[in-house]
Amino acid sequence: MNEIKRLLEKYWLAETTLEEEKVLADYFRSGEVDVELLQYAPFFEYIDEEKQVSPGEDFEERILERVGLAEGTAQGRGHGMDGSPMLAPVRRLWFGYAAAAAVLLCVSSLFLVVQLSSRSGDEVKVAASGGVISATMKDTYDDPEKALEAVRHALLVASTHMNEGKNITQKNMYRLNNSWQAATGN
Amino acid sequence: MNRSKWIFFIPLLLLGTGVFAQDDAIGKFFGKYVEDSRFTVVSISPKMFRLMSKVNWDTIPSDLKQTVTRLTSLRILSTETTPAVFYKEAMARIDRKEYEELITVRSDKDNVRFMVKEQGDVIHELLMIAVDKDSFTMMSFVGNIDLDKLSRLSSDMGIKGMENLKNIKHK
């Protein structure tokens with residue numbers, strides 16, 4: 001009896017060990033409780049009862065349904081109406097970020113490929129960087145000397161035509177100047 | 001759920017157009033005619049340009065040398081079959097957003113256009129399209145192109161260069 005009182009004192013101070021708490025619980029469960037301590041009996045009964053509470057069998061299912069993830073529950077998403085599943089919009093947001101990241105990755109890698117290929121001079125890579133004429137590069141010449149000669153010719157042709165343009169512009173400028181002078185009488 | 005699925009398709013679509021755009025630039029006009037027997041094709045690959053460094057450069061003027069060493073590839077396409085038709089087709093097919101027109105020389109005999117593709121301030125490709133009543137020629141120089149140096153080349157070579165010109169056109 002005094003032992004129980006002592007343990008109770010300790011219990012209220014939250015200093016009891018698990019074994020001592022069990023002694024107390026057993027005492028109050030035994031039904032032979034001292035009148036002096038009877039006031040505490042409902043408290044220990046309550047604790048006992050609470051220990052019995054466990055999630056029901058369909059607990060998980062119900063939770064999932066609330067969240068809107070349950071398979072085969074037609075109203076899964078419909079629950080949004082009563083405002084319960086805050087999770088659904090969050091999830092959609094996450095998908096959006098993932099998609100944005102994927103787009104970014106694709107675009108940037110594409111740029112990287114183009115950039116890299118235009119820097120180095122490999123045949124395959126040049127094809128990717130796409131000069132207008134570059135489908136597949138089959139060399140016309142095997143001899144670098146002949147190739148150089150061809151490049152030289154090509155450059156000359158381009159250069160000559162370019163200067164042709166300059167000359168024409170110059171000629172026209174003279175002509176313009178002459179007619180201007182004729183018109184103004186200078 | 002449907003919407004998020006669609007979002008995943010966007011990168012795929014982007015990737016698709018990217019690939020097509022490249023394919024287009026390559027095959028736009030030339031891919032088709034490279035194998036065509038009506039066309040004379042000259043191509044010099046980046047590999048060949050690298051091999052050229054082993055050639056004896058002593059007789060080559062320095063301006064020319066500098067220009068050549070900055071090139072990475074060259075391709076020439078020419079034909080004597082219906083030049084005017086091919087010229088028109090080429091002009092229609094070239095993407096003007098990519099290729100900016102630089103110089104146009106039109107005389108009673110021929111018509112020459114220069115177009116450039118720029119990357120930043122650097123001319124990455126010079127495209128020459130020339131047509132007269134006998135032939136149609138396209139030349140594409142890829143590399144780092146200095147137009148000033150290029151235009152100086154022919155004046156350095158003088159008349160001798162002009163004579164060579166005649167030969168290459170009918171090679």
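Sequences listed follow chains L and G, in order.
Quick note on numbering: the working numbering labels position 111 of the first sequence as 111, and the sequence is numbered without any gaps.
Quick note on numbering: the working numbering labels position 141 of the second sequence as 141, and the sequence is numbered without any gaps.
Built from N, CA and C at the ideal position, the CB exists for glycine as well.
- Using a CB distance below 9 Å, the part of the stretch 52-76 of chain G facing chain L consists of MET52, SER53, LYS54, VAL55, ASN56, TRP57, ILE60, LEU64, THR67, VAL68, LEU71, THR72, SER73, LEU74, ARG75 and ILE76, ordered along the chain.
- SER62(G) and VAL142(G) do not touch by the CB rule: their CB atoms are close to 22 Å apart, not below 8 Å.
- According to the DSSP secondary-structure assignment, MET91(G) is paired through a beta bridge with no residue.
- Within the DSSP bridge table, the entry for ASP146(G) names no partner.
- When the beta-carbon positions are compared, ALA41(L) and PHE28(L) come within less than 8 Å of each other.
- By the neighbour-count definition (other C-beta atoms within 10 Å, threshold 16), LEU104(L) is an exposed residue.
- Within chain L, no C-beta atom comes less than 8 Å from the C-beta of ILE123(G); the nearest is roughly 12 Å away.
- VAL131(G) is a Cβ neighbour of ASP110(G), given a cutoff of 8 Å.
- The beta-carbon separation of ASN163(L) and SER155(G), rounded to 7 Å, stays under the 8 Å limit for a contact.
- Taking 3 residues as the minimum length, the beta strand (DSSP E) runs contained wholly in the stretch 75-121 of chain G are 100-106 and 110-119, in order along the chain.
- Secondary-structure assignment with DSSP links ALA130(G) through a beta bridge to VAL112(G) and THR137(G).
- By the beta-carbon neighbour count (other beta carbons within 10 angstroms, threshold 16), PHE43(L) is exposed.
- Each residue's CA atom was taken as its position, placing VAL113(L) and ALA101(L) some 18 Å apart.
- Remark: fewer than three beta-carbon pairs, one from each stretch, lie closer than 8 Å, so the stretch 114-128 of chain G and the stretch 40-60 of chain G are not flagged as touching.
- Counting C-beta pairs with one atom in each stretch, the stretch 137-149 of chain L and the stretch 43-52 of chain G have three or more that are closer than 8 Å, which means they touch.
- Residues are counted here when their Cβ sits less than 8 Å from a Cβ of chain L; for the stretch 36-48 of chain G these are VAL41, VAL42, SER43, ILE44, SER45, PRO46, LYS47 and MET48, given in chain order.
- Bridge partners of VAL42(G) according to DSSP: ILE76(G).
- In this structure, the straight-line span from the alpha carbon of ARG66(L) to that of PRO55(L) is close to 16 Å.
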